[in-house]
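Residue numbers (this note's numbering): 90 to 463.
Here it is as structure tokens:
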């Protein structure tokens, strides 16, 4: 890394790939899907040295911004934080010196979705990442891609012997524990750090726990977007009481547990409520908030201007450090111009299809918005 490329360089293209349920491959989970060619997929024998990935490495060496990396550049501009900077800091902390471009790329980090099998129908999701979404997708005319769960062994052409970091997502990885076990059995567990993203409805079986206990470190990210009834609405298929019990179990059985919370129109006025509950009930668990990516109709910038003003005033008086640190990203999202009619259109379709409405789960927000519905 030098002065010419320090603002764009990222370690991930030299050490990492992300594999999704349909066999598509991405440089990382933040990399924009629309900027990734379809031929970058598991059908390639040596996907880690695919021409697309080689071209990204070349751009970064020259200090040229990579189009698909714009989410990190954007986050750095408004908050001074990003996955790119986190990776650079992590490598520097581990090695005692800044990241240096290796002479030969080496796959050390893997972001893996074993399948799209899931027992939830989250509002922000779709059939690509949840089998439980299929019926709704058919009713709404959303195409369901074929072959999404056909990759029984996604690592058959990939050498994972040097992996030091494995991220497991879904679908719901706890519903694919046999596949998870097979992946771990290919790795050098004493050097492996594992990150598991779960919807907190299922716990690991004894075989999986046995392997996880042999790993260097395990971090569990529990996907929870709201407290109580609003959780049940946003992550349909889960029940708050069950989620809370399982969260307690995970907190007692793993050293590092966090709550990963996605912010959308539905819960933007409730983030403090969730944060306070977790802080008071589970002092060792931190909440990490992120703005929803994709599903543009759910983006907070679609809210009417007067409702945005009310929410911003609410946020301004919150002194909790975790909320304060995330506030600038919320402000940036809300400041954009959107289309609330689009939200109402899709929200109403899903409400009618599922015979439900969110107004009982978030009456405070509905009170602000009911005139726009009625």
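All C-beta atoms in this analysis are idealised placements derived from N, C-alpha and C, irrespective of residue type, glycine included. Please read all numbers here as calculations on a predicted model, not as lab measurements.
For residue 354, the nearest candidate out of 268, 451, 304 (CA to CA): Closest by alpha carbon: 451.
What beta strand (DSSP E) runs, 3 residues minimum, are completely inside the stretch 282 to 312? Annotation note: the stretch 282 to 312 contains the following uninterrupted beta strand (DSSP E) runs of length 3 or greater, listed N- to C-terminal: 282 to 287, 306 to 312.
Roughly how many whole angstroms lie between the Cα atoms of residue 326 and residue 228? Residue 326 and residue 228: Cα-Cα distance of roughly 18 Å.
Suppose the cutoff is 7 Å on Cβ atoms and the five residues either side in sequence are ignored; what does the same chain contact list for residue 457 look like? 396, 399
Locate the beta strand (DSSP E) running through residue 349, then write down its first and last residues. 345 to 352
Which value, in whole angstroms, describes the spacing of the CA atoms of residue 109 and residue 460? 41 Å
For residue 318, which of 447, 412, 151 has the nearest alpha-carbon? Considering only alpha carbons, the answer is 447.
With burial defined as no fewer than 16 other Cβ atoms inside 10 Å of the residue's Cβ, what is the status of residue 38: buried or exposed? Absent from the structure is residue 38, since the part of the chain shown begins at 90 and ends at 463.
Residue nearest to residue 309 in terms of C-alpha spacing, selected from 190, 455, 342: 342
Sorry if obvious, but does the Cβ on residue 205 come closer than 7 Å to a heavy atom of the ligand SAH? Looking at this structure, you won't find the ligand SAH or any other ligand, since it has none at all.
Could you tell me the distance, in whole angstroms, from the CA atom of residue 206 to the CA atom of residue 259? 7 Å
Would you check if the distance between the CB atom of residue 103 and the CB atom of residue 233 is smaller than 8 Å? The Cβ atoms of residue 103 and residue 233 lie no closer than 8 Å to each other.
Compute the Euclidean distance between the alpha carbons of residue 143 and residue 118, then round it to the nearest angstrom. 18 Å
Let me make sure I understand the geometry here. Which of 322, 249, 312, 362 has the alpha-carbon closest to that of residue 346? 312
Excluding the 5 residues preceding and the 5 following residue 212 in the sequence, name in chain order all residues of the same chain whose CB lies nearer than 6 Å to its CB. 323
Residue 454 classed as buried or exposed, judged by whether at least 16 other C-beta atoms fall within 10 angstroms: buried
Residue 254: first and last residue of the uninterrupted beta strand (DSSP E) it sits in: 254 to 258
Which ranges would you report for the alpha helix (DSSP H) in the stretch 397 to 460 if only whole runs of at least 4 residues count? 410 to 423, 429 to 443
Return the residue from the list 417, 423, 442 that minimises the CA-CA distance to residue 165. 417
Would residue 256 pass as a contact of residue 284 if the rule is Cβ separation under 8 Å? yes
What are the start and end residues of the alpha helix (DSSP H) that includes residue 272? 266 to 274
Alpha carbon of residue 186 to alpha carbon of residue 150, nearest angstrom: 18 Å
Mind checking which residues open and close the beta strand (DSSP E) that includes residue 376? 375 to 380
Just to confirm before moving on: does the CB-CB distance between residue 100 and residue 138 stay below 8 Å? With respect to residue 138, residue 100 sits apart: the two C-beta atoms are not nearer than 8 Å.
Relative to the alpha-carbon of residue 199, which residue among 250, 122, 321, 106 has its alpha-carbon at the smallest distance? 106
From 169, 444, 435, residue whose alpha carbon lies closest to that of residue 231: 435
Are there three or more Cβ pairs, one per stretch, closer than 8 Å when the stretch 286 to 299 is compared with the stretch 402 to 418? no
Going by C-alpha to C-alpha distance, which of 305, 372, 374, 208 sits closest to residue 273? 305
Cβ-Cβ distance between residue 386 and residue 432 below 8 Å: yes
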